[in-house]
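Peer 1: So the sequence shown is numbered by the numbering used here: it starts at 2 and just counts up by one.
Here a beta-carbon is modelled for each residue, glycine too, at the ideal position from N, C-alpha and C.
Being a predicted model, the structure only gives us computed values, none of them experimental.
One structure follows; several queries about it will come next.
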Amino acid sequence: MELQRHGMAEQDRVNAILLKFAKKYNVKVIASNDSHYVDREDFNAHDILLCINTGEKQATPALREFSDDDILVKNKRFAFPNDQFYFKTTEEMSKVFEDLPEAIDNTNEIVSKVEILDLKRDILLPNF
2 MELQRHGMAE
12 QDRVNAILLK
22 FAKKYNVKVI
32 ASNDSHYVDR
42 EDFNAHDILL
52 CINTGEKQAT
62 PALREFSDDD
72 ILVKNKRFAF
82 PNDQFYFKTT
92 EEMSKVFEDL
102 PEAIDNTNEI
112 VSKVEILDLK
122 RDILLPNF
């Protein structure tokens with residue numbers, strides 16, 4: 002069961018339910034982070050790219066809270082709720098999930114099973 006923690010109340014409520022399901026059905030929990038940019042400092046640049054993509058101005062008030070009917074909200078632009086959607090370090094993830102260290106351990110278990118791709122060798126592609 003994948004859990005993400007981006008400092009959003011809605012996500013916290015969903016995570017509480019997911020943890021109950023994981024316990025009830027004896028399913029391992031993993032920690033992940035939705036990453037849309039590399040560094041936390043890139044939040045503003047990402048926000049600008051969202052404005053370009055949606056044809057909005059950054060001066061337009063941002064809709065930063067989740068809403069089921071956000072398509073109907075007038076005079077607001079699409080925006081991410083906060084600056085937590087960057088590629089977090091192991092230390093940062095461990096802190097975010099400090100109350101659930103097994104989630105980090107389970108994520109590391111998956112990582113240990115990933116085969117590293119050697120990009121120095123020729124990639125075999127089908128001949129069309």
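#1: Under the DSSP definition of a beta bridge, which residues are partnered with Gln-5?
#2: Looking at the strands, I want to know which residues DSSP matches up with Asn-63.
#3: Roughly how many angstroms lie between the CA atoms of Val-30 and Ser-36, to the nearest whole one?
#4: Starting from Thr-108, trace the alpha helix (DSSP H) in both directions and tell me its first and last residue.
#5: Starting from the C-beta of Met-94, find all residues in its chain whose C-beta is less than 7 Å away, skip the five residues before and the five after it, and write them out in chain order.
#6: Checking 7 Å against the spacing of the C-beta atoms, do Lys-77 and Pro-62 come in under that value?
#7: Mind checking who Tyr-87 pairs with in its DSSP beta bridge?
Peer 2: From the atom records:
#1: Ser-33
#2: This sequence places Ala at residue 63; Asn is not what is there. Looking at the DSSP assignment, Ala-63 forms a beta bridge with Arg-78.
#3: 19 Å
#4: 102 to 113
#5: Ala-32, Asn-34 and Ile-105
#6: yes
#7: Tyr-38
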